[in-house]
Structure formats: C-alpha cells, structure tokens
Amino acid sequence: MRGINQKGALFFAASAHAVLIATGAAAQEAERRALDTIVVTAEKTAENLQDVPASITAFPAAALETKRIVGIENIAEFVPSLYSTPSAADVNGQRLFIRGIGTFDPQLGQDARVAIYVDGIYLGKTQGLTFDSPDLERIEVLKGPQGTLYGRNSVAGAINLISARPNGDAYSGNLSVDYGSFNTVRARGAVNIPLADDAGLRLSTLYSRQDGWVENNGAGTDFGGFQRWGGRAAIAFDLWEGMAVDIAADYTRAKNQTVFYQAVADTATPTSLFASAINAFDGRQDEVTTVFENAPSTLDTWGSVLAASYDWSDDDNIKLTAGWRRSESNRFVTLIPDASPDGLNAILAADLDNDPSNGVFSLNSYLATAPFILGVGGIDVRPDYADLLPRTDVDSIFASVTEGQPTLDDHEQFSVELTATGSFWDSRIDYVVGLYYFNEDTANTRTSLVQNPRDTQDVLFLLAGLEPFGVGFQEFLAGNMAGAEEQAAILGDIFGSAVNSAGAEFALDTSAFAAYSRLTWNITDRLRLTGGLRFSTEERDAVQQVVSPYFGDTINLLGEVIAPNIADNSFDSIDPAVIIEYNATDEVLVYASRKESFRAGGFNSVAVAPNLPGETFGADFVFDKEEITAYELGVKGDFFDGRVRVNTAGFYYNFDNEQATVQTNPIVTTQRAVVNVDSEIWGGELEALWLAAEGLTLSANYTFTAGDPGNPINPVSGAENVREQLPGAPRNSFSIGADYTRPVTDTIGFFGNVNYSYNDSTLVTPQDVSVPNPVQVELTNRSLLSLRTGLNIEMANGNTANIAFWAQNLLDDEYTIDAIDFSSFAFVSNVFGTPRTLGFSAGVTF
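Okay, so the sequence shown: first residue is 32 according to this note's numbering, each after it adds one.
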C-alpha cells in the first residue's frame, strides 16, 4: 500500500468528503432528531455532559469505533486542546499536554501533569502508557486542573479510560480484525457471559502489530513498529439490593520498536565533533542501515481493581475503589543510528598533529597523555585507567546494548478511594466527599546494562566537563593552554566530574493521602453555587547513583568514590474550588470557576552536580512542588431543538513554581535538571456539533493557547534558558469532521467518518544563552486527515456484521513527533510521525 501517491490520496479524501456531504444534503428533508445525550462520570456521579460546569470531551464506545481511536496515542487527533507525543528516547511512554500543560521530561523522579485513570485507578508514571485497552466503553478528557475531586498531579487535567461492565442480561460480544499498510494487524474481541440475573462475566482480548515504517537494512528490527497483546477479565454481581461489586484484572505485553532519530542537515555547530561521520537529511527518511543490532523495547503491565458501590438511600451512594498495578519497562534506544563506524573511529584515532581547528583530535592520544599531565599537578588516575586504551572499536553514538535498559524495574502501586455522593436538605445540597490513599515504589537499575563498549557516548560524558570552565573547545583538545599546572587542574576537574547521567540508578518511594469534599447549593432551579476543598499530603524519598561512563561502577576516573544523592521530602497542600453556574435557559448553561491544584515536588533522576556542603544531595537533585490557580469561564448550550451543540470556554492559569526542565550541559542531553519558575497560560476553546440532517453530524473544534512561560535558570551554570513560547503548546489547534449514517437497504446501513486536524509547531527545547551557539528546537506543525467508512449488515441470525475502509494521515504529512538537540557534537535529530496508513476491517457484534 506504500505505492498510493499523494494525488490519489487527496482525490480519494475529497471524493469521500463530497459523498458524505452530498448524501447528507439529500436527506435534509428527513425527520430530524436531537443530538445524542452523552453521560459522563467525570465528577464522580453519572451526569449529562451538558450539565457539568467544566470543559470535557467524551467519546462513547460508538465514537471510539467510528473514529478508530485505539488508545491514548491517537486520541489527541480529535481533541485540539490535547497534545500527545512519544516520550523522548522511550517508546514505552507517552507525553501528554492539555492546554499547554504537560511534561516533556519522561524521567522517573517527575510525575505527569495529566492524570491518567483506568477504571478509576490512577497511573503513577508516564512510562508504560503505550498500551492498548481491549474493551473500552468510554474515554473522558477533563480539561484544566482537577484539584478537588482528582487532586493528585492533575494540574493539567485528567483522562478517564472506562472499560465495559459485565451484565447478567444475555450473551453478547464483538469481534473485529483490521489489516493495513506496514502489515498492520489489529484483532480484538469481547464476550459477555451471564451468570445469573444480577451477575455477569466479561472476557476481552486484543492483539495488535505493525511493522516498522523505517526499514533497517542492518541487523535487528526496523524502526517505528510494535507488537502488543492484552487481556482483561471482569466479573460484576449484586450482593443484595443496591449493593454492586465489580472485580477485574488485566495484563498487557508490548514490544515497541524504537523510533528513528534522524539527523537534520545544516544543524551542526562549530563543536560538532562527529558531524562528518553522520548522515543528515532534510526530509523524512524511510530506510537506514545500522551496523549494530537494533532491538525492541518491552513493556509488561498487570493490574487489578475492586469496586464496591452501595445505594444506601434513593439519593445517596457510597463507593470503595481499590486498585493494584505493576509495570516492567525495558527500553532499547538508539539516538543517532545513521552513523558511520569507520568515520567515528577515524575521528577518535586521528593524529593530533593534524590541524586541530578542523575539530579533529585523537581521544587515544589525549587519554594516553592524561596521566602525565595530571601527574604534573600531583593528581593520580585510577589504577585500571590503562584499560581505556585503545578506544577505536566503536560503531554507534547513544545506542543501548541489545538487552536494553530497565526504565521501570518492579514498579508497583496501590491505591484505595472511598467516595460518598448524594444530596440532602430536600435535594437543595448535593455533596461529594472522599478519602484517598496512594502508595508507589518505583525504580530503574540501568547501571547493570548501560555499558555498551562499542558506543562513543562515554566520550561525551568526559568532554562535558569542558563547558563549565569556559575553556575554548578546540584549544583544550589541542592542548593549547598556558601552563602545565593549569592544564592539569582543568583536566583533573573534568576527570572528577565525568559521570554517566544516562546510566543513573534511581529508586523512589511515595505515599500520598487526601481528603476532599464538594458541596453544591441549588439556590434556585437555575442558579447553583459549588464549593470544594481538598487536603493533600505526600511523603517522598529517593536515592540516585550515577556511575563512571567508562567502567560502569561508582569510582570516577581519578579513583574517587562518586557520592549518591539521597533526599526525602514532604509536601502539603490545601486546594479550594469555587464554581457558580446558571441555566440561562433549559438548554444553556453558563459557568465560572476558580480552582487550585498542586503537583508534589520530586527528585531529578539524572542529576550530576556534586553534593552541597552539609547535604547528601547536589544542587540539581531536589525541586519544589508547583501550584496552579485556574480561572475558567464557559458556556454550554444546545440550540435549534437540540440539533446544534456549542460548548466554549476561556481560561487563565497562574503557575507558581512551575517545574521546568533545563539541560544543564549542552554537550550531554541526558544531563538536565528540573527547576521551579513562575509562568502564566491563557487561551480559549470552542467545540461545536451540528446535526445537519438525519444521520449527518458535522463537528468543529478549536483551541488557542498562549502565555508567558518564564525563563528557568540552569542550577549548575547559573545561566538563563530562554523560552520564547510554551513547551508542548501549539498556539492554534483545530479539527473538523463529519459523521454520516444512512440505510442502504432494510438490512444494510452505510457509515462514514472523516476528520481533519491541525496543530501549530511547538517548542521542545529552550535556548541556553550561556552557550556560543544556542539552539531552540521545535516540533513541526501537524496536518492529519483520517477516514473510516463502510457498511453495517444485519444478518439473519440477528447479529450485525461490518466491513470498513480506513485511513490515517491520508495526506501523508511529514510531521515530527520528537526532536533532540545534539548539535553540540552532531546535529539536531528529528523523529517523524507515521506516514500514510490505509487498511480494511471486518467485524461482528452478537
């Protein structure tokens, strides 16, 4: 299917859209009905979406099927205020932003700002989000801070993934299979088995795979593909009248190929030592030849949940939700796969007598003379230092060993929540009160696997020591420094600080408790006032150990012990919320809210700074909690007898101590810190639906985001990092779409969906003005057209079959989903999104 050209795709898309509109126009005279009511549980009780005084986008099961939403990874295509990319250098994770708030840094010591809930259970880490849910009934995207009812780390918003519930009504189920470009296969099925009138069992499973779209002509796997399998078993039953119990368990196994980090032409700088050994391109590449063995990352997740709900009166309910989850994530990463081993070895073994101004130096020569230079200043190197030479048998830059690197090692979490909802005082007061407890133990043990003796990354950890001293790069490498003692002192500082931040071992324990309440006073039939309050407390402790880049142990090149970072902290917060809402008519709701939320501070898992005097940690290890005050003004309305729905909101966020990531050393991207800085965000959004004719629904959504991001300070160098725009926040984002259904015969029905989405470019890395050639890295804009159209067929046995054609990125847009600044020693590297993918599906519902 790769042979379909862009003109053909454009013609097909235009034709499909024209068919939808034309058939819709022909049905204008048909009897019209109102738009469907969407029921959500975003505020702990089942409500009509239009009655909730908050900005929420929800996708029922039918919408998930029609739009081919397969999980967190592609839902952002249909929610302009949600921005999603894979985690940097870790395909097992996903980075999410809502209204410009999110986390680009995927490290373990920093929690995500977008809270993910699976059947009411909070997922503690962004690592491990690349999984498929086999039996989703609904997805809810809550936009804006959720400081009262959700609380923990939901300063951006929350995403609820809600699975289908078993029932005792009848046997039922579904089965579907997809096949498409790049050998894409997706098969899923679910069956509901009645056990009694008030009890049911539901079993579901899913298998999906896709070949890598960047073909690797070398050893190992391609780039960009995946293979995933998952299963879920759930049982639901009533113990007695009003008492319902749900128990579920799930497991997912994934093998995710690393994405292709492609060097971008003309982005090298004067210090780009390895640029001559790397192939760099302007456009998207779909082929590479690696000389090392490329391998997939692996992810295993287990989970179980118990939910018990009791209606103790007609108006009141109490619910207990307890959940346990475990994850094991092991990543294989290669950040510059298109490097020439001959070129790398030639650079490392070059003669110093050649012209050093060309950036040519001999690592072997320099390391060989280092003991003599250090000896002049009375500094010794470790006894096994001679084992470093010769250093000429290399084949890669930033490539893992084949076994990969553990990024989640025995990650385990447990949570329990008790919630009571209801009303009193003749239903004039509605209430939600609750208690919440969360415990998490997470770690990685990268030191056991981090050493790849054929990789050049340890060279960069050594050269990283040049920058803090302001020594001319080429002059230092050529040995053109005045005075042997000065040269020895500088070299001693470099050897003493040469540590592998990418190989840091890190362990974190977290315990969190919260109590919350929310009361809504129904002042009149149209006017309501809500007050909420949440008290949260967290205790966290962490241990981090960086290692020698050459030996993988805790002894630096001077034979000194590398001290670990050890710290603990506690964080308390009281977060109020006030909401006023007014029904201007029976179908129009106007609301205004002020909410506060917080995210706990944490610990930098890639810290490298030496310990502070009298402390057990360095200046780049600990960061403080962040707090946000959010204002929102919104209007929700159904018009023209319910055929038009318009929801709009404006928002303003004041961030106090936002946790911002800065790169502490321009040579090594893994040396970074999380620092606190004040910032502001504002914007607005519009969601509109129009039932233009019977069966034809048109949609248009738009989000504008802007703000003052503030400029964080590098805690190691003290330099300011300039952020000219909000990271992860496209200024303009929109989507337009059409859904159409129409009977063809008494037993055959046509359905079609087409959706176009657009995002402006967005900032990834701010400029570090302390370096001679600061680079600001951005992701390109996105223009994505998706389509799904087919037939539903009622069979004689009462079952329903369907066949469909689908397309994703139909315009074959060459957009980027990640970028890393390696220009200080190579090039900026981009990752492109998946090219045009076409396919067919067939299924049956019984």
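Idealized CB from N, CA, C, for every residue including glycine.
With distances taken Cα to Cα, identify the nearest neighbour of residue i among the options.
{"i": "Leu757", "options": "Gly374, Pro740 and Asn763", "result": "Pro740"}
{"i": "Ser185", "options": "Tyr202, Arg219, Asp163 and Ile129", "result": "Ile129"}
{"i": "Phe634", "options": "Ser748, Leu564, Ala691 and Val666", "result": "Ala691"}
{"i": "Thr157", "options": "Val122, Gln241 and Trp456", "result": "Val122"}
{"i": "Leu607", "options": "Asn395, Tyr181 and Ser636", "result": "This sequence places Pro at residue 607; Leu is not what is there. Nearest C-alpha to Pro607: Tyr181."}
{"i": "Asp540", "options": "Pro117, Pro84 and Gln141", "result": "Gln141"}
{"i": "Leu304", "options": "Gly261, Ala370 and Glu246", "result": "Ala370"}
{"i": "Thr701", "options": "Gly178, Pro805 and Pro137", "result": "Pro137"}
{"i": "Phe257", "options": "Ala279, Arg284 and Gly231", "result": "Arg284"}
{"i": "Leu113", "options": "Ala92, Pro165, Asp669 and Ala189", "result": "Ala189"}
{"i": "Pro746", "options": "Ser764, Ala873, Glu718 and Arg703", "result": "Arg703"}
{"i": "Ala377", "options": "Ser307, Ser528, Gln575 and Gly645", "result": "Ser307"}
{"i": "Thr452", "options": "Gln444, Thr68, Glu74 and Trp837", "result": "Glu74"}
{"i": "Gln444", "options": "Leu420, Ser454 and Asp472", "result": "Asp472"}
{"i": "Val875", "options": "Pro372, Thr302, Ala835 and Asp317", "result": "Ala835"}
{"i": "Glu570", "options": "Ala631, Arg549 and Val609", "result": "Ala631"}
{"i": "Ala719", "options": "Gln81, Gly255 and Ile404", "result": "Gln81"}
{"i": "Leu842", "options": "Pro414, Glu809 and Val785", "result": "Val785"}
{"i": "Ala838", "options": "Val808, Ser872 and Asn823", "result": "Ser872"}
{"i": "Asp229", "options": "Asp617, Gly273 and Asp242", "result": "Gly273"}
{"i": "Leu419", "options": "Asp373, Leu558, Ile349 and Leu493", "result": "Leu493"}
{"i": "Pro437", "options": "Pro117, Trp244 and Thr329", "result": "Thr329"}
{"i": "Ala195", "options": "Asp277, Asn348, Ser360 and Asn287", "result": "Asp277"}
Would you kindly check if the distance between the Cβ of residue j and the Cβ of residue i is under 8 Å?
{"i": "Gly821", "j": "Gly211", "result": "no"}
{"i": "Leu154", "j": "Arg459", "result": "no"}
{"i": "Ile848", "j": "Tyr292", "result": "no"}
{"i": "Arg754", "j": "Asp791", "result": "no"}
{"i": "Glu711", "j": "Phe686", "result": "yes"}
{"i": "Ile586", "j": "Val592", "result": "yes"}
{"i": "Gly294", "j": "Ser855", "result": "Here residue 294 turns out to be Ala, not Gly, going by the sequence shown. Contact: no."}
{"i": "Ala680", "j": "Ser86", "result": "yes"}
{"i": "Ser542", "j": "Asn470", "result": "yes"}
{"i": "Asp584", "j": "Arg485", "result": "no"}
{"i": "Gly759", "j": "Thr793", "result": "yes"}
{"i": "Ser427", "j": "Phe312", "result": "no"}
Does residue i pass the burial test, meaning 16 or more other C-beta atoms within 10 Å, or should it be called exposed?
{"i": "Ser344", "result": "exposed"}
{"i": "Phe629", "result": "buried"}
{"i": "Pro697", "result": "buried"}
{"i": "Asn752", "result": "buried"}
{"i": "Asp770", "result": "buried"}
{"i": "Tyr684", "result": "buried"}
{"i": "Gly829", "result": "exposed"}
{"i": "Ser388", "result": "Legend: pLDDT at Ser388 = 45, less than 50; position of this residue unreliable, value from coordinates given subsequently. Per the 10 Å Cβ criterion, exposed."}
{"i": "Asn483", "result": "buried"}
{"i": "Leu398", "result": "buried"}
{"i": "Ala77", "result": "exposed"}
{"i": "Trp552", "result": "exposed"}
{"i": "Gly514", "result": "exposed"}
{"i": "Pro774", "result": "exposed"}
{"i": "Pro197", "result": "buried"}
{"i": "Ser601", "result": "exposed"}
Whose C-beta lies closer than 7 Å to the C-beta of residue i among residues of the same chain, with five residues either side of it excluded?
{"i": "Ala326", "result": "Gly251, Thr252, Phe363, Thr433 and Gly435"}
Output needed for residue i: all residues of its chain with C-beta closer than 6 Å, excluding positions within five of it in sequence on either side, in chain order.
{"i": "Ala275", "result": "Asp269 and Ser340"}
{"i": "Tyr787", "result": "Ile767 and Leu816"}
{"i": "Glu825", "result": "Thr778 and Thr831"}
{"i": "Ser879", "result": "Past the boundaries of the shown model lies residue 879; the chain is included only from 32 to 877, so the question cannot be answered."}
{"i": "Ala169", "result": "A quick correction: the sequence has Arg, not Ala, at residue 169. These residues qualify, in order along the chain: Pro91 and Ile193."}
{"i": "Thr310", "result": "First, the amino acid is wrong: residue 310 is Asn here, not Thr. Around Asn310: Asp369."}
{"i": "Arg813", "result": "Asn790 and Tyr846"}
{"i": "Leu722", "result": "Leu66, Arg674 and Thr728"}
{"i": "Glu60", "result": "With a pLDDT of only 36 at Glu60, under the threshold of 50, the placement of this residue in the model should not be trusted, and no figure is reported."}
{"i": "Ser431", "result": "Phe363 and Val364"}
{"i": "Thr179", "result": "Tyr547, Arg549, Gly563, Arg565 and Ala608"}
{"i": "Glu658", "result": "Phe629 and Asp687"}
{"i": "Asp669", "result": "Glu618 and Arg676"}
Please go through the same chain and pick out, in chain order, the residues whose beta-carbon is closer than 8 Å to the beta-carbon of residue i, but skip the five residues on each side of it.
{"i": "Asn840", "result": "Leu815, Leu816, Ser817, Gly864, Thr865, Pro866, Arg867 and Thr868"}
{"i": "Gly649", "result": "Asn596, Ala638, Val639, Ala640, Pro641, Asn642 and Leu643"}
{"i": "Pro111", "result": "Glu716, Asn732, Tyr733, Thr734, Ser764, Phe765, Ser766, Ser788 and Asn790"}
Determine, using beta-carbon pairs with one atom in the segment 617 to 624 and one in the segment 522 to 529, whether at least three such pairs fall under 8 Å.
no
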